[in-house]
Amino acid sequence: MIEVEQLRKEYGSLTAVHDVTFTARPGEIFGLLGPNGAGKTTTIGCISTLLAPSAGHIRVMGHDVVKDGIEARRSMGVVPQEIALYEDLSAEENLSYWGGAQGLRGAELRERIRTVLDLTGLLDRAKEPIKRFSGGMKRRLNFACGIVHRPKVLLLDEPTVGVDPQSRVRLLELVRDQARSGACVLYTTHYMEEAESLCDRLAIVDHGRIIAQGTLAELRALLGERDILRLTGTFEPEHVRSALESVEGVEIIHADETLLALSMSDASHRLPMIFAALNGSELRGTTLTQPSLESLFIKLTGSDLRE
Amino acid sequence: MRFVWITALKDLRRLRREPVAVLTWLAIPSFISIILTLVFGPGGAQPHGTLLIADQDRSIGATMLTNAFGQGALGKMLTVEHVSESEGRRRMDRGEASALIVIPSGFTASFVTSQPVNIDLVRNPAQRVLPDIIEDSLGIMLARASSYRTASQPPPIQLDADIIPDKTEQPDGFAAIILPGALFMGIFFIAGALASDVWRERSSGALRRIATTPARFGAFVAGKLLASALLFGAIGGAALVVAHELMHLRVASFPAAIGWIAASGSCLYLMIMLIQSAASSERVSTFTTNLVTLPLVMLGGGFVPFEWMPRTLARIGEWTPNGWCVMQLRAALSGSLQPVTFASIAVILVAILFIDVRAIRRTAC
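Quick note, the sequences are listed as chains B and P, same order. 1 is the number of the first residue of the first sequence in the numbering used here; add one for each residue after it. 1001 is the number of the first residue of the second sequence in the numbering used here; add one for each residue after it.
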């Protein structure tokens, strides 16, 4: 279990994380979804005891990470964004080292190394220096090093960045296996498809704040069954607002000189009416997004998740 | 404690897989040693040293005698310096010259009036060839001067040759001059290469990962230190055995000498690691390390032994970290390394280790 209460992390005058609160339970995959720089890695850094929180409390399996860091770390497995491995050692040697760092030894360590190598499909390459591995294989080994000691809490910081589609599918299945076996998984990503397919509950993070959290169904309910239409071009915001008042069921999420974001149901059928209302504005691009985390993010922040 | 060992084992395995870096750094001092041996070694160029003369007579006879050492073949081997007797004895105590000749007041007058007179010759026990040459030459000069007297008269001039107590107990031989400096040059270079591994571990994220495990960060750095100590001990041991067998290097105690190389080499490693962890980037760390290492290696008897350096530079060099290590290795080779020196290096190691752990942890997070 991970309990985060009013977490705040400041770097001088910059506040990277603003009063973040959430709880991730055993057997659950809890996602932190947000664009790069949203504060996801800082949040994981505080939970994993790498960073000292400026304010708030974090407990991992009941252990306060500030006061009882070593005990908190004992129950934790971390899969960092970087491939934190020794390239000149073999997969087996890497696992042996990281398992040893977690306190495993002897027959138990050997058994766990074999199990996770098998799990990640690297058993036949166990003795090979990993500098010969593909990027996807290294990612899988990076993951294996995080779970070699059977952690009760697993922190995954964008573990699929730069991974080929096949390895990604395999990695996501491994993450699900961990949750099924009872681990509490905290998963950060900026890939909304990943978050949608993987996470039981989610917190959407932007500029260091949680702007929405809940199950996927709860988050979708926030959006309703409405599509998001994003138009780029040259607009006069006041003129646009008055022109769109006449189109029924259209909500203006964002309007400035270059971007117009609208929320509506059945947007594809309303497009002719909208274009007619915007007659006189110079339109350069149109993007229609059906209800998803992406559209929720746009609705909540006015900007694209990948911007 | 177990994590210290597995970290050391991990680093040694990695070194075994990539031995080229270590061998390259060892090749430089080996190459320089070979060149020095070929150019200046036994059977090569003639030795060169300093002769101190305390001329208390300042007469024509004394001047003729002392001038003889600055001429011809002797002049090529010896730099003659005039000093007071007290200064000369002080410098001999510090092993700064091959010999001291004290010409007493009234030397010429005694010679002319056939009165007996003593000339003191103080020899540097750490050297063999030059003090022998000086003593023999002085003996010949005095015998020749005496031959002008009639055969019935007793020799008017008596030469008293003393060997001062050997305080530094520097080992004899060419290998003893060359090897310690060359060995520590190699160790200094390897220490720099090993220390830079912290930057690789930092950029790969391994340091951050360590910080998220229950293992102590201090144990991690101590493991790296243990690996470096084992490596330096192995290199030192191999170098001493080779020099002992092939160059007849006198080694009073192999364990003491190897222990010293391992301990002091590790200290240099931690020192460079500290410099590197304070840098803002890997490039800056490499630049800073070179900026510190190269002058220290030059001054610290790496490229040129202290005996062949100008005295002032040699004295500065002996107090550089690596220069001090070289001097103490010489003491270990001659069997005069003091337990207190070992205790000092242990204290220094613990102190730098403590600072390093804090610095590297800060770097990791």
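Ideal Cβ positions, reconstructed from N, Cα and C, are used throughout, including at glycine. Since we're looking at a predicted model, the values are computed, not measured.
If we call anything under 7 Å between Cβ atoms a contact, is GLY1181(P) one with GLY1061(P)? no
Cβ of ASP88(B) within 7 Å of any chain P Cβ: yes
Start and end residues, alpha helix (DSSP H) containing GLY136(B): 135–147
Query - Proximal residues of chain B, C-beta to C-beta of PRO1214(P) below 7 Å - result: ILE70, ARG73, ARG74, GLN102 and GLY103
Problem - Every unbroken alpha helix (DSSP H) within the stretch 206–261 of chain B, with a cutoff of 4 residues, ordered by chain - result: 216–223 and 237–244
Mark HIS1082(P) as exposed unless 16 or more other C-beta atoms lie within 10 angstroms of its C-beta, in which case mark it buried. exposed
Interface residues of chain P facing SER54(B) [CB-CB closer than 7 Å]:
The premise fails here: SER54(B) is roughly 14 Å from chain P at the closest Cβ pair, so nothing lies under 7 Å.
For GLU28(B), the three-state DSSP class (helix, strand or coil): coil
Q. Since ILE1006(P) meets chain B, which of its residues come closer than 7 Å, beta carbon to beta carbon?
A. TYR97 and GLY100
- prompt: Taking three-plus beta-carbon pairs below 8 Å as touching, is the stretch 1255–1269 of chain P in contact with the stretch 1182–1190 of chain P?
  reply: yes
What residues in the stretch 1053–1085 of chain P have a beta carbon less than 9 Å from any beta carbon of chain B? none
Please decide whether LYS1167(P) counts as near chain B, where near means a Cβ-Cβ distance under 7 Å.
Unreliable positioning characterises LYS1167(P) in this predicted model, as indicated by a pLDDT of 44, which lies under 50. A coordinate reading is not provided.
- Message: DSSP has LEU14(B) in a bridge; who is on the other side?
- Response: TYR11(B)
Give, in chain order, every residue of the stretch 26–57 of chain B whose Cβ lies closer than 9 Å to some Cβ of chain P.
GLY45, SER48, THR49, LEU50, LEU51 and ALA52
- Task: With a 10 Å radius around its C-beta and 16 neighbouring C-beta atoms as the bar for buried, classify GLY1223(P) as buried or exposed.
- Result: buried
With 16 other CB atoms within 10 Å as the buried threshold, where does PRO1171(P) fall? Residue confidence is low: PRO1171(P) scores 45 on pLDDT, short of 50, so the model does not pin down where it sits. No coordinate-derived value is stated.
#### Entry: Assumed close pair THR49(B), ARG74(B) - CB separation to whole angstroms, cut-off 8 Å
At roughly 11 Å, the Cβ-Cβ gap does not stay under 8 Å, so THR49(B) and ARG74(B) are not in contact.
- request: Scan the stretch 117–133 of chain B for residues whose Cβ lies nearer than 8 Å to a Cβ of chain P and list them as they occur along the chain.
  value: PRO129
Would you verify that the beta carbon of VAL326(B) is, or is not, closer than 7 Å to some beta carbon of chain P? Here chain B comprises residues numbered 1 to 307, so residue 326(B) is not present and cannot be evaluated.
- Query: How do the stretch 229–242 of chain B and the stretch 278–294 of chain B stand: do at least 3 beta-carbon pairs fall below 8 Å, yes or no?
  - Reply: yes
Residues of chain P with CB closer than 7 Å to the CB of GLU245(B), please, in chain order. Those do not exist, as GLU245(B) stays about 53 Å from chain P at its closest Cβ, beyond 7 Å.
Report task. Could you list the residues in the stretch 1205–1232 of chain P with a C-beta less than 7 Å from some C-beta on chain B, going in chain order? Result -> GLY1205, ALA1206, ARG1208, ARG1209, ILE1210, ALA1211, THR1212, THR1213, PRO1214 and ALA1215
HIS63(B) - partner residues in DSSP beta bridges: VAL60(B)
| query | In or out: GLU294(B) buried (at least 16 other Cβ within 10 Å) or exposed? | reply | buried
### Residue(s) in a DSSP beta bridge with LEU271(B)
According to DSSP, which records beta bridges pairwise, LEU271(B) is partnered with nothing at all.
Practice task
Indicate whether at least one CB of chain P lies closer than 7 Å to the CB of GLU82(B).
Solution key: yes
Contacts that VAL78(B) makes with chain D (C-beta to C-beta distance below 9 Å): In the displayed structure, chain D is absent; the protein chains listed are B and P.
C-alpha gap between ASP88(B) and TYR97(B), whole angstroms: 13 Å
Inset, instruction - Round the Cβ separation of ARG105(B) and ARG1002(P) to the nearest angstrom and send it over; I've been treating them as touching at under 8 Å. - result: 7 Å
Mapping the DSSP letters down to three states, classify THR1212(P) as helix, strand or coil.
coil
Q: Could you check the C-alpha separation between PHE22(B) and LEU1296(P) for me, to the nearest Å?
A: 55 Å
> What's the C-alpha gap between GLU158(B) and ASN279(B)?
Replying inline: 43 Å
_For VAL1198(P), three-class secondary structure by DSSP_ = helix
message = Considering only their Cβ atoms, is the gap separating ILE1178(P) from LEU1036(P) smaller than 7 Å?
response = yes
- For chain B, find out if any of its Cβ atoms is closer than 7 Å to the Cβ of GLN1170(P); answer yes or no. With a pLDDT of only 43 at GLN1170(P), under the threshold of 50, the placement of this residue in the model should not be trusted; the figure read from the coordinates follows. So, not an interface residue.
Pair within 7 Å by beta-carbon distance, HIS190(B) and PRO80(B): no
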